[in-house]
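With our numbering applied, the sequence shown covers 1339 to 1635. Some notes on the structure that comes next.
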Amino acid sequence: MNANGVYLFIINPKAGAGKGLRIDVAISIIAKNHNVNFEIIFTEYAGHAFEIAKNADSKKYKVLIAVGGDGTINEVGRGLINKSLPMAIVPMGSGNGLARYSKIPLSAIKAIKNSFTGKQVAMDVIKINTHFSFNVSGVGFDSAVAHQFQHLYTRGFWGYFKLIVKLMFQFKPIEVNIDLSANDVSKNIKDRVFILAIANSNQFGNNAIIAPAADTTDGKFNLVLVKPFSVFKMPYYAFMMFTNRFDKIKAVINIEAAQCSIRTVTNEWHIDGEPVVFDNTVEVKILPLAIQLIVPQ
């Protein structure tokens, strides 16, 4: 890490229902209290955070801080893959899954302080076709939610919750075909699923823990197959998810892998909660310890 470098805050001004626009004052006060040099850049369009991170000079900057939701974190992270320049997070999203998993404070003030005082650790990244996932991605019910959530006028936890309830009665399970390979041994899985999650960390966000055993440093991702179930069991499934016992459900299959190929009947996927469209076969592989993250001491 550049011992005397500048802390660069990359802020999504739309994050936190517009709170991103007002956080610069807090950053200035806290940075001065810690006697550090800092710069602030507000993103202006989709992909801007990625461009800033990709072109950031590691000789000038000490840490790049992503201020926003999962989309902003993903963009900054993509620009820092396989670089020595670390990323810190000031979470201002709807779920903040990676921040929660990494024990990064959800308070903006405390998260800013953590950017200056935290420690640097290496973290795996999942490559899905040409995209990169730092938290949880996948296909099925959660991707259907992601594709509709982007069109909601009222976002946040309750908007998300209402959409989930609505889609519970509409969503139809999908067929998946998964080719796994490890040590020259191949395995094929064909099944109908409600969710197929590809997990780096353990949760979607809001402590909805889909993969309790997931570890961002083990050189593997967790494939979580949730088989179809009655809508009347949804409260039970939600209870098990929010109490960190989702892997105890018999209809949930967890597989650790370093790479796989997936074919589905739908092209609607999500990457860290952001909707994407994939055609044909989706190739998944782990990039071990490909990014540096600032977490609490």
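For each residue, glycine too, the CB sits at the ideal point set by N, CA and C. These figures come from a predicted structure and were not determined experimentally.
Nearest-angstrom Cβ-Cβ length linking residue i and residue j, presumed shorter than 8 Å
i        : j        : result
Gln-1635 : Ser-1519 : Not confirmed; about 39 Å, so no contact.
Asp-1610 : Ser-1475 : 6 Å
Ala-1460 : Thr-1555 : 7 Å
Pro-1511 : Val-1531 : 6 Å
Trp-1607 : Ser-1481 : 5 Å
Phe-1570 : Met-1578 : Actually they are not in contact, since the Cβ atoms of Phe-1570 and Met-1578 sit about 15 Å apart, beyond 8 Å.
Ile-1591 : Val-1620 : Going by Cβ atoms, the distance from Ile-1591 to Val-1620 rounds to 18 Å, so no, they are not a contact pair.
Ile-1533 : Gln-1541 : Between Gln-1541 and Ile-1533 the Cβ distance is about 13 Å, and since that is not below 8 Å, they are no contact.
Ile-1411 : Ile-1427 : 6 Å
Tyr-1399 : Val-1344 : 5 Å
Simplified DSSP state of residue i, which is helix, strand or coil
i        : result
Tyr-1383 : coil
Leu-1423 : coil
Phe-1507 : coil
Gly-1343 : coil
Leu-1418 : coil
Phe-1376 : strand
Asn-1545 : coil
Asn-1350 : coil
His-1608 : strand
Ser-1481 : helix
Asp-1617 : coil
Lys-1392 : helix
Asn-1538 : coil
Gly-1431 : coil
Asp-1304 : The chain is shown from 1339 up to 1635; residue 1304 falls before or after that span and cannot be answered.
Ala-1449 : helix
Leu-1359 : helix
Where the beta strand (DSSP E) containing residue i begins and where it ends
i        : result
Met-1461 : 1457-1466
Leu-1563 : 1559-1564
Ser-1471 : 1469-1471
Pro-1573 : First-last for Pro-1573: 1572-1580, but that is the alpha helix (DSSP H), not the beta strand (DSSP E).
Gly-1407 : Note, Gly-1407: premise wrong, no beta strand (DSSP E); not H, not E.
The alpha helix (DSSP H) enclosing residue i, as first and last residue numbers
i        : result
Lys-1597 : In the sequence on display, residue 1597 carries Gln and not Lys. Here Gln-1597 belongs to no alpha helix (DSSP H); instead the beta strand (DSSP E) covers 1597-1602.
Gly-1354 : 1353-1356
Ile-1368 : 1362-1371
Ala-1437 : 1435-1439
Alpha carbon of residue i to alpha carbon of residue j, nearest angstrom
i        : j        : result
Ala-1628 : Leu-1402 : 15 Å
Ser-1471 : Val-1477 : 13 Å
Ile-1378 : Asn-1350 : 11 Å
Leu-1444 : Gly-1407 : 11 Å
Phe-1559 : Phe-1380 : 32 Å
Ile-1368 : Leu-1346 : 14 Å
Ala-1387 : Gly-1358 : 14 Å
Glu-1513 : Thr-1602 : 6 Å
Ile-1450 : Phe-1487 : 28 Å
Phe-1479 : Leu-1505 : 8 Å
Lys-1565 : Ala-1589 : 5 Å
Ile-1395 : Asp-1529 : The sequence given here has Asp at residue 1395, not Ile. Looking at the two C-alpha atoms, the distance is approximately 47 Å.
Gln-1508 : Ser-1453 : 42 Å
Arg-1438 : Asn-1618 : 33 Å
Ile-1624 : Ser-1568 : 33 Å
Minimum Cβ-Cβ distance from residue i to chain B less than 7 Å
i        : result
Ser-1432 : No chain B is part of this structure, which consists of one protein chain only.
The ligand SAM heavy atom lying under 6 Å from the CB of residue i
i        : result
Ala-1426 : Inclusion of the ligand SAM in the displayed structure is not the case, the ligand content being empty and no account of it being possible.
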